[in-house]
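> Position in the sequence shown counted from 1, then plus 373, gives you the numbering used here.
Let me give you the structure first, and then I'll get to my questions.
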Amino acid sequence: MAVEAPDCFNNKTIDNQLYTILEKMVEKGYASEAPSRNCFNELTIDNQLYLIYAALKRELWTPTQLTPAVWLDAADSATITLNGSTVSQWNDKSGNARHASQASAANQPTYTASAYAGKPALTFDGVNDNLEVNYIYSGDKATIYAVVSRLGGGSTEQWVFSSYGGANGTPLVAPMWTTGAGTNEWATYSTTFLPNGAELPTDGTPFALGLVSDISGSVLDAFTNGTRSAQHATSARYTGGGARNFIGAELNGASRFLSGRVSEIIQTETVLSTTDRQKLEGYLAWKWGLQGNLPIGHPYKNFPPKV
Ligand SMILES: [Ca+2]
374 MAVEAPDCFN
384 NKTIDNQLYT
394 ILEKMVEKGY
404 ASEAPSRNCF
414 NELTIDNQLY
424 LIYAALKREL
434 WTPTQLTPAV
444 WLDAADSATI
454 TLNGSTVSQW
464 NDKSGNARHA
474 SQASAANQPT
484 YTASAYAGKP
494 ALTFDGVNDN
504 LEVNYIYSGD
514 KATIYAVVSR
524 LGGGSTEQWV
534 FSSYGGANGT
544 PLVAPMWTTG
554 AGTNEWATYS
564 TTFLPNGAEL
574 PTDGTPFALG
584 LVSDISGSVL
594 DAFTNGTRSA
604 QHATSARYTG
614 GGARNFIGAE
624 LNGASRFLSG
634 RVSEIIQTET
644 VLSTTDRQKL
654 EGYLAWKWGL
664 QGNLPIGHPY
674 KNFPPKV
């Protein structure tokens, strides 16, 4: 995108022209901090240019910075095993080999290369599609973020990701949505639903949802597109049944099927700091074209996070 140069740029010394460039890079997020103008102007032009070059070399931030427990990314086609047009396996990028898979062709989600704005997703039919994730967790702290869209129809309650730790219990990081009982909200599940009060976006509209659970701290926070949409004071775990996790279905993989699309899922076994949570929100927003939905004042509203 071309930007208009300031009128007085050519009247400045080279020192001050370079400093103006560096200031603009800080504003756009390419550099985190500029030295004072006096310090900068005392450097040789070689070193001034090197400072700018080093800032431009900064890489985009990715979830590897969080050491995720599970990371599933539909934009990385190398992680997807197709069975014709459906997906038999979605490989975990965390390095932990917690892959998601489905052996039965009739129950495999469809790979949609251009689900919205040219971006891919796995499409779950709301009838029987689901993937089982090779991951069991019953610790105290967890964060899950997912980029999803709802397609309408199907069960009144639909699970995006069912997290289930068996007899030891699991944190309540199991995003689902419900259109039953007069609600049209996304929620999580304990022994009852915990709706977050956030209306679901229009069917077909992708959005980023997040759940942060700290059992020992009795905190369960919900986030929608970078905005905290609910807080629940709860120390509950979900216990009972077998320890299995599914995308697109309830804990047994046999009900509450998702009629919707999933583009990315990231889970950590930590409660993210605000700084890290906002980086994750910024990463997801810019990757999936959702940055316009971040709230005013979000640190990554205007540029993506960098390392
Ligand atoms: Ca099916």
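All residues carry an ideal CB built from backbone N, CA and C; glycine is no exception.
Determine whether the beta carbon atoms of alanine 494 and isoleucine 639 lie at a separation below 9 Å.
Here residue 494 refers to the residue found at position 121 when the sequence shown is read from its first residue. Here residue 639 refers to the residue found at position 266 when the sequence shown is read from its first residue. In this structure, isoleucine 639 does not lie closer than 9 Å to alanine 494 by Cβ.
> Do asparagine 598 and phenylalanine 619 have their C-beta atoms within less than 9 Å of each other?
Stepping through the sequence shown from its first residue, residue 598 is reached at position 225. Stepping through the sequence shown from its first residue, residue 619 is reached at position 246. Not closer than 9 Å, so no.
> How long is the line joining the alpha carbons of alanine 488 and threonine 386, rounded to whole angstroms?
If you number the sequence shown from 1, residue 488 lands on position 115. If you number the sequence shown from 1, residue 386 lands on position 13. Approximately 50 Å between the Cα atoms of the pair.
> Determine the DSSP secondary structure at aspartate 465, reduced to helix, strand or coil.
For this step, residue 465 is matched to residue 92 along the sequence shown. Aspartate 465 falls in the coil class under three-state DSSP.
> Note the first and the last residue of the continuous beta strand (DSSP E) segment covering lysine 385.
Counting from one through the sequence shown, the residue named residue 385 turns up at place 12. Here lysine 385 belongs to no beta strand (DSSP E), and DSSP marks it neither H nor E.
> Rounding to the nearest angstrom, what Cα-Cα distance links methionine 398 and serine 405 in this structure?
For the purposes of this step, residue 398 is identified with residue 25 of the sequence shown, where counting begins at 1. For the purposes of this step, residue 405 is identified with residue 32 of the sequence shown, where counting begins at 1. Answer to the nearest angstrom: the Cα atoms are 8 Å apart.
> In the DSSP assignment, find the unbroken alpha helix (DSSP H) run with glycine 655 in it and report its ends.
Translated into positions along the sequence shown, residue 655 becomes position 282. Segment 647 to 660, the alpha helix (DSSP H) holding glycine 655.
> If contacts are defined as beta-carbon pairs under 8 Å, then serine 536 and valine 521 qualify, I think. What distance do you get, rounded to the angstrom?
Taking the sequence shown and counting its residues from 1, one reaches residue 536 at position 163. Taking the sequence shown and counting its residues from 1, one reaches residue 521 at position 148. 15 Å between Cβ atoms; not a contact.
> Is asparagine 480 a contact residue of ligand 1, with contact defined as CB to any heavy atom under 8 Å?
Taking the sequence shown and counting its residues from 1, the one referred to as residue 480 is at position 107. It does: the Cβ of asparagine 480 is within 8 Å (strictly closer) of some heavy atom of ligand 1.
> Please list the terminal residues of the continuous alpha helix (DSSP H) segment that includes leucine 593.
Working through the sequence shown from its first residue, we reach residue 593 at position 220. Here leucine 593 belongs to no alpha helix (DSSP H); instead the beta strand (DSSP E) covers 592 to 597.
> Nearest CA to the CA of glycine 468: which residue from Leu624, Ala606 and Thr452?
Your numbering for residue 468 matches position 95 in the sequence shown. Ranking Leu624, Ala606 and Thr452 by Cα distance to glycine 468 puts Thr452 first.
> Evaluate contact between the region 495 to 508 and the region 429 to 449, counting only Cβ atoms and requiring at least three cross-stretch pairs below 8 Å.
Yes, they touch.
> Just checking aspartate 498 against ligand 1 - is the residue's beta carbon closer than 8 Å to any of the ligand's heavy atoms?
As a working mapping, residue 498 is identified with position 125 in the sequence shown. Yes, ligand 1 has a heavy atom inside 8 Å of this Cβ.
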